[in-house]
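The structure appears right after this line, and notes come after that.
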Amino acid sequence: MAMGKLEKKFPEAYEICRQFELDEGAMRKIVQAMTNEIYMGLAKETHSTASIKCFQTCVQDFPTGNERGRYLALDLGGSNFRVLLANLISAKEIDVISKTYAISKAIMEGPGIKLFDFLAESIAQFCKEHKIENDNLPLGFTFSFPCKHIGIDQGILVTWTKGFKSEGVVNKNVVEMLREAISRRGDLKVDIVAILNDTTGTLMSCAFQKQNCKIGMILGTGTNACYVEKTSNVEMFPAYQTSTKPHMIINCEWGAFGENGELDFVRTSYDKAVDRESLYPTKQVFEKCISGKYMGELVRHILVELMDKGVLFKDATSQILREREKFDTRFLSEIESDKPGQVRNACKVMDELGVRGTSEEDLLCLRHICQTISTRSAKLAACGLVSLIKKTKVKDIAVGIDGSVYCFHPHYHRLLMENMKLLLKDSAKFKLNLSKDGSGRGAALTAAVYTRRPPSPPKALSTEKQSSSCPKALSTEKQSSSCPLKASAPASMPTVRRFIQKVVWTFRHF
Ligand code: BGC
């Protein structure tokens, strides 16, 4: 059916979709507002009021390509928790074994202690399965929530996002909570050397292969980006003027952009409805416009309004669509994967949902709504990336990206490219690289970078081997972290050992 005809058939739907359109002018305004918030987040004086907080990560060292040995990695950021064992075999090969543990809603929303006991239990199970429970392996913890890092292995949760509401964790040091849960068990020895955000992991993992990778982005259940900043600009970092390391990765936490009203001129009544019904009203405004946790909900709200008006799914049993979160974001990817003008996948999705009796025109209209939401999401993400590229001033830059929306949506990459080109004109060249499993591999790599053990002969891993080719060094700088060591908890043996290693390093190289 020709588009004009569809518009005539569903004028109300087209009118709603027009509210989600973003022209170049609006996008430029958003780039400017994001840039302002980034500067505000970095500066001591304005940090507390900035919506893009730009948290220090304490990650100032990058892979050199000489990292070797076995490392554990944890990945917590959605409804699954993953434990990985990575074997850095050579500068070209990483073997990874991993296992995923589903986190129940009760654990996501229950007492924090239960969450951390669950994590410790999963790690113990995994380590016992692979007979490494007594090996005290260095571990990198990808914890994908806004965190204040006060050391490479110290992170204080600022707020939960993405459906988590576990009590008694906000304002606590999550590494300490994990260490305590592990020691409560008494049957597991691991050495937590680093805590990082999934964007940091994605950047590290991409930088392992591409020297010019300076930005990491996640577009999945949640969204966020990080980038490499000059240490001297990171005013919230106590040693920003004295650090011997020229750079630090900044965790922007751009999902919160809009909390100061910066997106009010583009937000629709549907955005506001999604916000009102969410676990954290008025928070994570940008994330609610663009990420996988919310895109399906936006489509569902539009569908319900059109059903209420009696213009869509007139003869269908569509009650199910009135239930919250029934329309998953993966449906957008599936529906838009059809050839233009086709609705075979839309039909399958409706079948899966148990919606019967839709017409072909209904499904075409549904497809148009999905496209509208995905396109706005990609345009907003493009604005974010452009503001970061401009901030870095790097003229030929690689961006590492991971996350289910970016990975599975059939047109997301193209939409990002088109809109970024439009905004950047010829001011910078860029490449968007899929950085598959950045959070898992990136955590192992970060642990390796911050362990600096003498290379140990790699042991072969037995099952589920996944190889990847790796690194060229991003920087060949010598290692010694200028992040403060542990702030509060008593020094454990691994900490003492790391401290001695750092002192020896510093002594040898300065
Ligand atoms: C979190 C970020 C995370 C992003 C992607 C957001 O909700 O606040 O820390 O990087 O999701 O997982």
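Note that the sequence shown ends on residue 510 in full-length UniProt numbering; no numbers are left out. Cβ atoms here follow ideal geometry from the backbone N, Cα and C, with glycine treated the same way. Bear in mind the structure is a predicted one, so any value in this text is a computation, not a measurement.
For I218, the Cβ falls inside the 8 Å cut-off from some heavy atom of the ligand BGC.
About 21 Å separates the beta carbons of A273 and S51, which is beyond the 8 Å limit, so they are not a contact pair. For S439, the enclosing alpha helix (DSSP H) begins and ends at G438 to V449. Under the three-state reduction of DSSP, S183 is assigned to helix. Per the C-alpha coordinates, the member of I192, G155, G168 and S183 positioned closest to V174 is G155.
With fewer than 16 other Cβ atoms from the protein chains shown falling within 10 Å of its own Cβ, P11 counts as exposed. The count of Cβ pairs closer than 8 Å, one atom from the region 139–153 and one from the region 434–451, reaches three, so the stretches are in contact. N80 is positioned such that its CB atom lies no closer than 9 Å to that of T49.
Between the ligand BGC and the CB of T199, the shortest heavy atom gap is smaller than 8 Å.
Residue environment: Q241 is assigned as exposed (fewer than 16 neighbouring CB atoms within 10 Å of its CB, all protein chains considered). The region 355–373 and the region 323–336 touch, with three or more beta-carbon pairs separated by less than 8 Å.
Going by DSSP, P11 is part of the alpha helix (DSSP H) stretching over P11 to R18. K339 counts as exposed, since fewer than 16 other beta carbons sit within 10 angstroms of its beta carbon.
Annotation: D61 is outside any alpha helix (DSSP H) and is labelled neither H nor E by DSSP.
Listed in chain order, the non-local C-beta contacts of F116 below 6 Å within the same chain comprise M177, L178 and A181, local neighbours out to five positions each way being set aside.
Annotation for V343: E360, L363, L364 and R367 place their beta carbon closer than 7 Å to its own, counting only its chain and skipping 5 residues before and after. For R70, the number of other beta carbons within 10 angstroms of its own is at least 16, and it is reported as buried. Within the same chain, Cβ atoms closer than 7 Å to the Cβ of L432 are found at V399, I401, H413, L416 and M417, the five residues on either side in sequence being excluded. A direct Cα-to-Cα measurement between K314 and R356 gives close to 11 Å. Going by beta carbons, I16 and T358 fall outside the 9 Å limit.
Taking one beta carbon from each stretch, the region 372–383 and the region 190–199 have fewer than 3 pairs nearer than 8 Å; the two do not touch. Counting C-beta pairs closer than 8 Å gives three or more between the region 379–388 and the region 19–36, which meets the contact rule. Between V285 and L263, the CB-CB gap stays under 9 Å. DSSP places D328 in no beta strand (DSSP E); its state is neither H nor E.
Judged by the Cβ position, Q284 qualifies as a neighbour of the ligand BGC at the 8 Å threshold, a heavy atom of the ligand being closer than this.
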